[in-house]
Every structure is written in structure tokens, then in C-alpha cells.
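Q: Input: one structure, supplied below.
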Amino acid sequence: METITQPKAAAAKTRTRSASVGWKRFWNNRTLIMMCVPAILFFAVFAYLPMPGLYLAFVKYNYTDGIFKSAFVGWDNFRFLVMTGDLWRLTFNTISYNLAFILLGNCLQIFVAILLNELRKKWFKKVSQTIMFLPFFISIVIVGLIAYNILSYDYGLLNGILKSLGADPVKTYSNPHVWPFIIVITYLWQTTGYGSIVYFAAIMGLDSEVVEASEIDGANALQRIRYIVLPWLKPTFIILLLFSLGGVLRGNFGLIYNLVGANNTVLYPTTDIIETYVFRSMFNNFNFSMGSAVSLYQSVFGFIVVITANWLVKKASPDNSLF
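full-length UniProt numbering puts the sequence shown at residues 1 to 323.
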């Protein structure tokens, strides 16, 4: 009897000691933990509590019965999306835009950060930073109005210039092929300056002695950038790339909606993304089930992309992976 009681007492003492250590660790880090509380509450309220609503994707929703009493249709909503061909167009457009935003955006942000770092006159550097940061703080609604005033067929600045030169006006809002370029250029114009802050801050963390040593060894500016600055920025680029890939199937609804709208059927082949389709399904057609099905497809696809990308990064460079 005594041999059985002793292990139990030892186990109880170990649990008490572990609880004491855990509580002490919590108390020592209470400030940091309290700083995390708002973020935890945000994700709990807006990410986890709405999860039961995913069931909406598998029912034929009607207002009188509610979500959980509506007729269960299984995969019919997803099957309809695939059969109509909308899913492939939406997926292709959304991924194409996001890849352009991510790759071109990060490359341009790195270029701007290096350019700012190479500027020697402080007043000119500050003026340049201010000018490049300003577009980020302009409302996307204002950006859409500016684009309309430039590209409008009847009153646009572009057609006004073409008419004054004797050329025929162009119908930009009836030509789907030009809009991928317009959307990508607008996005880069608005976000490059602000996005370069992260890379500029990373460059500021570079050891000045390493740079000075390279200058003493006779390295020019291009060689310093190639062999010192770019390798230094590689971990930052990989981390930002992995975070961005998680949203590769989440389009920039605000940008596209304010530039071209959600109901311009002529431009659907190149501008219709998942978010604009969900918007039409819910607010024009009141098809909440279809919108939920597309949103669930987005989430699952994004999760798979992040896991796959992180696995590839871990194989190539374990120190730069997220987990």
C-alpha cells in the first residue's frame, strides 16, 4: 500500500510545482500577455466565433428557416460553381492579381528602400520619403474618382488630350484587356512607398562596420548592394512572402470595386475576382449560400498554399520558415 501511495504523492508534488512555475512565469510576463489580449479578442470575435456560419455553404438558405433549419444540399453549391466555369475564372484572376501585387510589390519596395538608403542628403531623403508615402494615405474611393476623371470616355483627361491631338478617344471602361495593367500600376503606386518601410528598417539594422569594411576593400555601390544588402534582406523578404501567400486567394476588393465596380459585365473576363462575385451573390442576388461556398473555398485554398510554401522554404532554408 505504501509503495502505491508514494508515486501518487510524488506526482501530486510535481503537478503543484509545475503549476507554481507556470503561474510565476505568467506573472513575470503579465505585461506582454496583457498586450496580446486585444489581438486574441479580435481573432476570437471575428475569426473563430463566425466559424459555425460555414455550414451556410452546404445548405440552400432561406430567411424563414434560418441557417440550421434550411435544406441541406451538401456539395451542390460547390458543384454549381465548377459547372458554370465561374470558379476557374475567379480563381485565375484573383491569383494573377495577387501574384503581381506580391512579387512586383516586394521587388519595387526593396528597390525603393535601397535607393533611399543610398541617398546622402538628409533633406532630400526626407522629402522623397514623404512624397512616396502620401499615396498610401489617400482613400481608395478618391483613387477611384481620380482614375475615372482620367479614363472616362466623355470627360476624361486622357481622351481630352487625344482629341486635342486629333486622335480618336478610347473606351477604357469597355476594354477588359487594359485593366490588369491599370489595376496593378494603381496598386503599386499606392502601396510601394509605405511597404518599403519594412525593408528600409531592415537595412538600418545592417552592421555599419561590414559596410565600411567593404568600402575599404574597394567594393562599389552595386557590389555592396549585391553581396551585402540583398542577402541581408533575404530573410525579411521570405517572411513577408509567406505571410502574403496566405492571402493569395483573397482579392483586393476595395481597389477593384472603386476602379471598375462589381457589375460591369464587359470587364468580367479580367477584373472579376472572388470578392466581387461574393458581393454580387449576397447583395444583388441574395444568394448567401453561394457566397459562403466561395469564401470557404478561399480559406481552404489559402491554408494549403501557406503550408506548402512554408514546407518548401523549410526544405531550402530552415532558419527562414515560419514553423
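Glycine included, each C-beta is placed from N, C-alpha and C at the ideal position.
Using the beta-carbon count (16 or more within 10 Å), is M290 buried or exposed?
A: Looking at its Cβ environment, which holds 16 or more other Cβ atoms inside 10 Å, M290 is buried.
Q: Looking at the unbroken alpha helix (DSSP H) that takes in I183, where does it start and where does it end?
A: From DSSP, the alpha helix (DSSP H) with I183 extends over 179 to 204.
Q: Note down the Cα distance separating N263 from R280, rounded to an integer number of angstroms.
A: In a straight line, the C-alpha of N263 is about 8 Å away from that of R280.
Q: Using 8 Å as the threshold, is the region 193 to 200 in touch with the region 157 to 164, meaning 3 or more CB pairs across them?
A: Touching, no, given that fewer than three Cβ pairs across the two stretches are closer than 8 Å.
Q: How close, in whole Å, do the beta carbons of L108 and T192 come, if the pair is a contact with beta carbons under 8 Å?
A: About 5 Å separates the two Cβ atoms, so the contact holds.
Q: Provide the residue span of the alpha helix (DSSP H) that contains G79, from first to last.
A: According to the sequence provided, residue 79 is Arg. The question's Gly does not apply to it. 76 to 84 is the span of the alpha helix (DSSP H), which, as asked, contains R79.
Q: Can you tell me whether E275 is buried or exposed? The criterion is at least 16 other CB atoms within 10 Å of its CB, across all chains shown.
A: Label assigned to E275: buried.
Q: Between the alpha carbons of V143 and Y173, how many angstroms are there, rounded?
A: Computed Cα separation, rounded: 16 Å.
Q: How would you label L188, buried or exposed, when you count the other beta carbons within 10 angstroms and need 16 or more for buried?
A: Buried is the call here.
Q: Under 8 Å, with one C-beta from each stretch per pair, do the region 75 to 82 and the region 92 to 112 reach the 3-pair mark?
A: No contact exists between the region 75 to 82 and the region 92 to 112.
Q: Less than 8 Å between the CB of V82 and some heavy atom of the ligand MN, yes or no?
A: As far as ligands go, the structure on display features none, and thus does not contain the ligand MN.
Q: With 16 other CB atoms within 10 Å as the buried threshold, where does W179 fall?
A: Flag for W179 reads buried.
Q: By how many angstroms is the C-alpha of N93 removed from the C-alpha of W27?
A: Between W27 and N93, the C-alpha separation is close to 50 Å.
Q: Per the contact definition of three or more C-beta pairs closer than 8 Å, is the region 42 to 59 in contact with the region 70 to 77?
A: Short answer: they touch.
Q: Please report the Cβ distance between S128 and L119, rounded to the nearest whole angstrom; I am assuming they are in contact, meaning their Cβ atoms lie under 8 Å.
A: With 8 Å as the limit, S128 and L119 qualify as a contact, their Cβ atoms being about 7 Å apart.
Q: Which one of D76, M132, A47, L49 has the shortest CA to CA distance from K60?
A: Among D76, M132, A47, L49, the Cα nearest to that of K60 is on D76.
Q: The alpha helix (DSSP H) spanning S174 covers which residue range?
A: First-last for S174: undefined, no H or E at that position.
Q: Roughly how many angstroms lie between the CA atoms of M1 and W23, to the nearest whole one?
A: Any answer about M1 is weak, because its pLDDT of 47 lies below 50 and its placement is not dependable; what the coordinates show is given next. Computed Cα separation, rounded: 33 Å.
Q: Report yes if the CB atom of residue 346 is closer than 9 Å to the CB atom of I183, and no otherwise.
A: Any answer about residue 346 is impossible in this case: the structure gives the chain only from 1 up to 323.
Q: Could you compute how far the alpha carbon of R224 sits from the alpha carbon of V211?
A: Each residue's Cα considered, the two are about 7 Å apart.
Q: DSSP has K60 in a bridge; who is on the other side?
A: The partner list for K60 (beta bridge, DSSP) reads A71.
Q: Can you tell me where the alpha helix (DSSP H) holding F42 begins and where it ends?
A: From DSSP, the alpha helix (DSSP H) with F42 extends over 30 to 43.
Q: CA-CA distance, V278 and L249?
A: When rounded, the distance between both Cα atoms is 13 Å.
Q: So, with DSSP's three-state summary, where would you put M1?
A: With a pLDDT of 47 at M1, under the threshold of 50, the modelled position of this residue cannot be trusted; read the value that follows with caution. M1: coil per DSSP, three-state reduction.
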